[in-house]
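Since the structure comes first, as structure tokens, the remarks are kept for the end.
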Amino acid sequence: MTDVTMIATRYIELWNERDPQRRRDLLAANWTRDARYVDPLMAGTGHDGIDALIAGVQQRFPEFRFRLIGEPNGYGDHVRFSWGLGPDGADSPIKGTDFAVIDDGRIARIAGFLDQVPAGA
Numbered sequence: 127m128t129d130v131t132m133i134a135t136r137y138i139e140l141w142n143e144r145d146p147q148r149r150r151d152l153l154a155a156n157w158t159r160d161a162r163y164v165d166p167l168m169a170g171t172g173h174d175g176i177d178a179l180i181a182g183v184q185q186r187f188p189e190f191r192f193r194l195i196g197e198p199n200g201y202g203d204h205v206r207f208s209w210g211l212g213p214d215g216a217d218s219p220i221k222g223t224d225f226a227v228i229d230d231g232r233i234a235r236i237a238g239f240l241d242q243v244p245a246g247a
């Protein structure tokens, strides 16, 4: 059985990790080698592609951090959770919902949806 809270928590931890080696370790531990990520703005495949996406988001929003919004849920090998991206201690100006497919306890695919994006973000 998939622990949806653990999957979502580890996902958020990955996107917040600023140390490149630690981020690579998190990817190796929690994502399949051929994992895929796609949202309306970007896509990446494999650990290298996904790591590059995360580094790009961190560079664009250096003072922002991801956080879970609400409770993750799912069934079987599917997980759904919502997140916010913004400065600590403030409402997140950027929000989204991601859908994950899990393979043997690790993320194999993510389809991300942007629920709220301010103009110019």
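Position one of the sequence shown corresponds to residue 127 (our numbering), numbered consecutively onward. Each residue gets a CB set at the ideal place from its N, CA and C atoms; glycine is no exception. Since this is a predicted model, take the numbers as computed values, not measurements.
Cutoff 7 Å; reference residue i; Cβ partners in own chain excluding five residues on either side
{"i": "Gly-170", "result": "Tyr-163, Ile-176, Ala-178, Leu-179"}
{"i": "Pro-166", "result": "Leu-240"}
{"i": "Gly-212", "result": "Phe-190, Ser-218, Pro-219, Ile-220"}
Endpoints, beta strand (DSSP E) assigned at residue i
{"i": "Glu-197", "result": "191 to 201"}
{"i": "Ala-237", "result": "232 to 242"}
{"i": "Asp-145", "result": "Looking at the DSSP string, Asp-145 is not in any beta strand (DSSP E), and its letter there is neither H nor E."}
{"i": "Gly-170", "result": "169 to 171"}
Span separating the alpha-carbon of residue i from that of residue j
{"i": "Trp-157", "j": "Ala-216", "result": "30 Å"}
{"i": "Ala-226", "j": "Ala-154", "result": "16 Å"}
{"i": "Pro-219", "j": "Phe-187", "result": "12 Å"}
{"i": "Val-183", "j": "Ala-234", "result": "20 Å"}
{"i": "Gly-172", "j": "Ala-245", "result": "30 Å"}
Own chain, CB closer than 6 Å to residue i, minus 5 neighbours either side, in chain order
{"i": "Arg-136", "result": "Asn-156"}
{"i": "Pro-193", "result": "In the sequence as displayed, the identity of residue 193 is Arg instead of Pro. Taken in chain order, the residues that qualify are Gly-210."}
Exposed unless 16 or more other CB atoms sit within 10 angstroms - verdict on residue i
{"i": "Ala-247", "result": "exposed"}
{"i": "Gly-231", "result": "exposed"}
{"i": "Pro-146", "result": "exposed"}
{"i": "Pro-198", "result": "buried"}
Unbroken alpha helix (DSSP H) run spanning residue i, endpoints
{"i": "Asp-214", "result": "Counting along the chain, Asp-214 falls outside any alpha helix (DSSP H), and DSSP gives it neither H nor E."}
{"i": "Arg-136", "result": "130 to 142"}
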